[in-house]
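Novice: There's a structure below that I have some questions on.
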Amino acid sequence: MPESDTIDIRTLTIYVRACEEQNLTRCAEAMDLPKTTVSKAITRLESRLGLKLLERSTRKVQITEEGQVVLERARMLLTDFRSLTEDALSMATEPRGLLRVAAPPILGDYFSSHVAPAFLQKWPRVSIALSPSYSFDDLFSQSIDLAFRVGQVADDRLIARKFGQSTRIIAASPDFLSKEAAIEQPKDLSRVNCLRFTYNSQDSDWTLTDGRNTTSVPVRGNYFCPNIHALKHAAASGLGVAQLPIHAVEAEIAAGTLEHVMPAWHVPPLPIYLVYKSGSSRPRRLQALLDHLIENKALFDFLPY
1 MPESDTIDIR TLTIYVRACE EQNLTRCAEA MDLPKTTVSK AITRLESRLG LKLLERSTRK
61 VQITEEGQVV LERARMLLTD FRSLTEDALS MATEPRGLLR VAAPPILGDY FSSHVAPAFL
121 QKWPRVSIAL SPSYSFDDLF SQSIDLAFRV GQVADDRLIA RKFGQSTRII AASPDFLSKE
181 AAIEQPKDLS RVNCLRFTYN SQDSDWTLTD GRNTTSVPVR GNYFCPNIHA LKHAAASGLG
241 VAQLPIHAVE AEIAAGTLEH VMPAWHVPPL PIYLVYKSGS SRPRRLQALL DHLIENKALF
301 DFLPY
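Structure, rendered in structure tokens:
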């Protein structure tokens, strides 16, 4: 490619922002640029790649299939470029700058109380923005530096480092349990109201293990949601029994607002991963957080009581 046809960082930055804003005028305003500059940059990029990247209208832009591929690669290139620049500037200095961290709400709570205080005290020039989320896409769409994710990771754009494990127990309020026949075996769950961590009302099975035997039980219930906080509060309010992470209910069990049902049985553990974008370099602040987490890895091995 001749030097005159090279694609510069500024052009890629404009293209990514235009895709995120889905509107050239908003992109220009956000970047404090004339709209003509934004439009020319995208036209120049399309010309140099020989691809139609955006379908434009007066109200919004639509990303083409080719444009989506270029967008993902551009984000990776910009991330690597920022990391390179930051590493060069911060060489021989302490970590500094903003770290964007994502975690499911319950793990986010745990991170806030058990990890963030000591880390920020150690590295006072680092700031953390914590985002509660479950989606792997957030690492790209919201420029997340590090995410805690529960369950398997299948995305070759990401590095997933196994970090711990989370075990869920069965819990319910004393009031609910007082109105039901004793729940002593997994099969007893099929006759009580089960609150489920899901988006829909489809019938489902709960799998439980006592360490030697594993069994699946069909359950039903009238409350389901994809949020552990809401599920925990519903269970504590007497609505039914729920699968809840051990680390999420320690306080409620200690206070007596929830009881551990069938202590000999629990949900098979799920792995906890540290997930970050692949690339040849990463900011010193991210490496510092990774090092701190690995040093305190035992905090995230949530095992049965």
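With the first letter of the sequence shown counted as 1, position 13 gets the number 13 in UniProt numbering; the numbers rise by one all the way through. Here a beta-carbon is modelled for each residue, glycine too, at the ideal position from N, C-alpha and C. Small disclaimer: the values here were computed from a predicted structure and weren't measured.
#1: Would you call the stretch 283-293 and the stretch 166-186 touching, i.e. three or more CB-CB distances under 8 Å?
#2: Could you tell me whether the Cβ atoms of valine 70 and leucine 158 are closer together than 9 Å?
#3: Is the CB-CB distance between valine 101 and tyrosine 273 below 9 Å?
#4: What alpha helix (DSSP H) runs, 4 residues minimum, are completely inside the stretch 217-301?
#5: With DSSP as the reference, label residue 389 as helix, strand or coil.
#6: Just verifying my parser: in three-state terms, what is the DSSP assignment at proline 174?
#7: Terminal residues of the continuous beta strand (DSSP E) containing leucine 146?
#8: Tell me the DSSP secondary structure of aspartate 155 in three-state form.
#9: In angstroms with no decimal places, state the Cα-to-Cα distance between isoleucine 63 and threonine 36.
#10: I need the DSSP call for glutamine 68, collapsed to helix, strand or coil.
#11: Give, in chain order, every unbroken run of the beta strand (DSSP E) that is at least 3 residues long and sits entirely within the stretch 75-142.
#12: State the beta-bridge partners of asparagine 23 as determined by DSSP.
#13: When the Cα of valine 219 is compared with those of Gln68, Arg56, His233, Val241, which residue comes out closest?
Specialist: For this structure:
#1: no
#2: Here residue 70 corresponds to residue number 70 of the sequence shown, with the count starting at 1. Here residue 158 corresponds to residue number 158 of the sequence shown, with the count starting at 1. Going by C-beta atoms, valine 70 is not nearer than 9 Å to leucine 158.
#3: Here the question's residue 101 lines up with position 101 in the sequence shown. Here the question's residue 273 lines up with position 273 in the sequence shown. No, Cβ-Cβ distance for valine 101 and tyrosine 273 is not below 9 Å.
#4: When DSSP assignments are scanned along the stretch 217-301, the uninterrupted stretches of alpha helix (DSSP H) that are 4 or more residues long and fall wholly within it turn out to be 228-236, 246-255, 284-295.
#5: Residue 389 is absent from the model: the chain starts at 1 and stops at 305.
#6: To locate residue 174, count along the sequence shown from 1; it is residue 174. Correct three-state label for proline 174: helix.
#7: Counting from 1 along the sequence shown, the entry for residue 146 is found at position 146. Where leucine 146 is concerned, the enclosing beta strand (DSSP E) stretches over 146-150.
#8: Stepping through the sequence shown from its first residue, residue 155 is reached at position 155. Aspartate 155: coil per DSSP, three-state reduction.
#9: Here residue 63 refers to the residue found at position 63 when the sequence shown is read from its first residue. Here residue 36 refers to the residue found at position 36 when the sequence shown is read from its first residue. Taking the straight line joining both Cα atoms gives about 19 Å.
#10: Translated into positions along the sequence shown, residue 68 becomes position 68. Glutamine 68: helix per DSSP, three-state reduction.
#11: 97-103, 126-132
#12: As a working note, residue 23 is residue 23 in the sequence shown. According to DSSP, asparagine 23 bridges with nothing at all.
#13: What you label residue 219 is simply residue 219 of the sequence shown in a count that begins at 1. Answer by Cα proximity: Val241.
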